[in-house]
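Heads up, the thing below is written out as structure tokens.
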Amino acid sequence: MTMTCLKVFTLLLVSRLAYSDAPQIGAFSFPKELDAGMRASVQCAIIRGNPPFKFSWFKDEHKLTDARGVSIRKFDEFTSNLVIARVEADSNGNYTCQVSNSAGFDQKSAVLLIKGIQFLLRNRLKTKSAVFLSICKVKIANVKNSQQEK
């Protein structure tokens, strides 16, 4: 009987360690209506797992630190906030929160796209191309006219 109790206890202990202690992060996302110059903030919250946790933030797979208008703050032992004080074209990207503890890790990502930035860039390129083509046509026309006058 003692051997059976020991097996059951060991089985329960191993199954608890196997899947319940590693962190699990809840989904997060950036607001869809972000314009250049606005502030963006996301929260990485752990919904499962046991502390202590280590939080890390990444943008396009590069580790982020508190710098150049980006702040990372641990709100409590289960939550970390990422704040971008002023979003610009170079703020666009894939942001990832990674959390680890002694039992494992989890990570979730969200894409930040600033409304209108891609459209504006495309329009600027088209406009510059059109202006360049117009200037070339005018110069070519002027050259042809001056050659005809001679």
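With mature numbering (1 follows the signal peptide of the UniProt record, and there is no 0) applied, the sequence shown covers -20 to -1, 1 to 130. In this text, a Cβ means the ideal position worked out from N, Cα and C, and glycines have one as well.
Within 8 Å, strictly: CB atoms of residue i and residue j
i, j, result
"V22", "F8", "yes"
"I26", "V79", "yes"
"R66", "G17", "yes"
"S60", "Y75", "no"
"F55", "P3", "no"
"A69", "D1", "no"
"N81", "P11", "no"
Strand pairing of residue i, partner residues [DSSP]
i, result
"C25", "Checking the displayed sequence, the identity of residue 25 turns out to be Ala instead of Cys. In the DSSP output, where bridge partners are listed per residue, A25 has T59."
"K54", "S60"
"F8", "Note: F8 sits in no beta bridge, so no partner."
"A90", "Y75"
"S82", "According to DSSP, which records beta bridges pairwise, S82 is partnered with nothing at all."
"K34", "S80"
"K43", "F38"
"A20", "I64"
Residues of its chain near residue i, where Cβ-Cβ distance is below 7 Å and the 5 sequence neighbours each way are ignored
i, result
"N72", "L92, L93, I94 and I97"
"L44", "W37, F38, V50 and I52"
"E41", "none"
Contact set for residue i: own chain, Cβ-Cβ below 8 Å, skip 5 residues either direction
i, result
"V58", "At residue 58 the sequence reads Phe, which differs from the Val that was named. If we look at F58 and ignore the five residues flanking it on each side, its Cβ neighbours are A25, I26, P31 and F33."
"I5", "C24, A25, I26, I27, C77, V79, D86, Q87 and K88"
Cβ-heavy atom distance, residue i to the ligand COA, below 7 Å
i, result
"G73", "The ligand content of the structure shown is nil, which means the ligand COA is not present either."
Cβ shell of residue i (< 6 Å), same chain only, five flanking positions each side left out
i, result
"residue 131", "Within the shown structure, residues of the chain are numbered from -20 to 130, placing residue 131 beyond reach of any answer."
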